[in-house]
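Take a look at the structure set out below.
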Amino acid sequence: MRESQDVPPPASGRGLGGGQARPFRSRNTPRAKSLRNEASPPERFLWQRLRNRQLNGHKFSRQMPLGPYFCDFLCREAKLIIELDGSSHDDSAEYDARRDAYCRELGFTVLRFQNAEVIGNIEGVLSHIMAALAQAHPQPLPPAGGE
1 MRESQDVPPP ASGRGLGGGQ ARPFRSRNTP RAKSLRNEAS PPERFLWQRL
51 RNRQLNGHKF SRQMPLGPYF CDFLCREAKL IIELDGSSHD DSAEYDARRD
101 AYCRELGFTV LRFQNAEVIG NIEGVLSHIM AALAQAHPQP LPPAGGE
């Protein structure tokens with residue numbers, strides 16, 4: 001997730017309409033397009049497996065703004081954020097913790113994977129993502145007694 005440089009976050013964290021929290025801003029299309037074009041090979045590799053509702057029908061978006069940040073991958077319906085960390089994240093633990101806390105305060109689950117993990121173990125990464133999706137949307141239990 002990258003910080004948005006163009007639009008500051010709302011001061012109250014709330015948008016229009018009945019005081020409901022509105023963390024999503026209208027898409028900063030030039031910045032989001034730039035980030036998508038600059039995607040790392042692991043980001044492109046994972047996107048090929050997430051796009052077009054390939055993962056249990058869940059819709060993911062790339063480089064979606066959330067408050068003052070951009071999420072690598074976001075599934076709104078499951079409130080799930082997926083972040084890929086490479087060597088550029090080695091010195092950003094404090095920043096990442098602050099950003100993750102912000103997202104969790106909004107009710108999102110944040111999954112982080114190392115770039116090498118995505119390239120070397122894509123099936124394991126996808127299994128972990130599917131488990132998080134299942135936890136966000138548990139299947140109803142069948143009626144007791146086979147009714």
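Under full-length UniProt numbering, read the sequence shown as residues 1 to 147, first letter to last.
By construction, the Cβ of each residue, glycine as well, lies at the ideal position given by its N, Cα and C atoms.
Since the model is a prediction, treat every value here as computed from it, not as a measurement.
**Request:** Give the DSSP-derived three-state secondary structure of residue 62 in the structure shown.
**Result:** Position 62 of the sequence shown, counted from the first residue, corresponds to residue 62. Here residue 62 sits in strand by DSSP.
**Message:** Within 10 Å of its beta-carbon, does residue 78 have 16 or more other beta-carbons around it, so buried, or fewer, so exposed?
**Reply:** Within the sequence shown, numbered from 1, the residue matching residue 78 stands at position 78. It is buried - the Cβ of residue 78 has at least 16 other Cβ atoms within 10 Å.
**Request:** Please look up how many angstroms separate the CB atoms of residue 108 and residue 82, rounded, as I've assumed it's under 8 Å.
**Result:** The residue you call residue 108 lines up with position 108 of the sequence shown. The residue you call residue 82 lines up with position 82 of the sequence shown. Not quite, the Cβ-Cβ distance comes to about 11 Å (not below 8 Å), so this is no contact.
**Request:** With distances taken Cα to Cα, identify the nearest neighbour of residue 86 among 131, 38, 115.
**Result:** Taking the sequence shown and counting its residues from 1, one reaches residue 86 at position 86. Measuring from the Cα of residue 86, the nearest candidate turns out to be 115.
**Message:** Given this structure, state the Cα-to-Cα distance separating residue 92 from residue 53, to the nearest angstrom.
**Reply:** Here the question's residue 92 lines up with position 92 in the sequence shown. Here the question's residue 53 lines up with position 53 in the sequence shown. Taking the straight line from one Cα to the other gives about 31 Å.
**Asked** Assuming residue 49 contacts residue 119 under a Cβ cut-off of 8 Å, what Cβ separation, rounded to an integer in Å, is found between them?
**Response** Here the question's residue 49 lines up with position 49 in the sequence shown. Here the question's residue 119 lines up with position 119 in the sequence shown. With 8 Å as the limit, residue 49 and residue 119 do not qualify as a contact, their Cβ atoms being about 12 Å apart.
**Sheet register partners of residue 110 (DSSP bridge)** = Looking up residue 110 in the sequence shown gives position 110. Per DSSP, 81.
**Request:** Less than 8 Å between the CB atoms is what I'm expecting for residue 55 and residue 129, so what's the real figure, rounded?
**Result:** In the sequence shown, counting from the first residue as 1, residue 55 sits at position 55. In the sequence shown, counting from the first residue as 1, residue 129 sits at position 129. Between the beta-carbon of residue 55 and that of residue 129 there is about 7 Å, and that keeps the pair under the 8 Å contact cut.
**Asked** Closest by CA to residue 113, which one among 43, 39, 105?
**Response** As a working note, residue 113 is residue 113 in the sequence shown. Of the candidates 43, 39, 105, the residue whose Cα lies closest to the Cα of residue 113 is 43.
**Inter-residue Cα distance where the pair is residue 66 and residue 72** = Counted from its first residue, the sequence shown places residue 66 at position 66. Counted from its first residue, the sequence shown places residue 72 at position 72. Each residue's alpha carbon lies about 11 Å from the other.
**Item:** Residues sharing a beta bridge with residue 74, DSSP
**Value:** Taking the first residue of the sequence shown as position 1, residue 74 is located at position 74. Checking the DSSP bridge columns, you'll see residue 74 partnered with 61, 81.
**Item:** Exposure of residue 95, with buried meaning 16 or more beta-carbon neighbours within 10 Å
**Value:** Sequence index remark: in the sequence shown, residue 95 carries index 95 (1-based). Classification for residue 95: exposed.
**Message:** For residue 38 and residue 45, what's the separation of their Cα atoms in angstroms?
**Reply:** Walking along the sequence shown from the start, residue 38 turns up at place 38. Walking along the sequence shown from the start, residue 45 turns up at place 45. When rounded, the distance between both Cα atoms is 13 Å.
**Classification of residue 62 by the beta-carbon crowding that lies within 10 angstroms, buried from 16 upward** = Indexing the sequence shown from 1 puts residue 62 at position 62. Buried.
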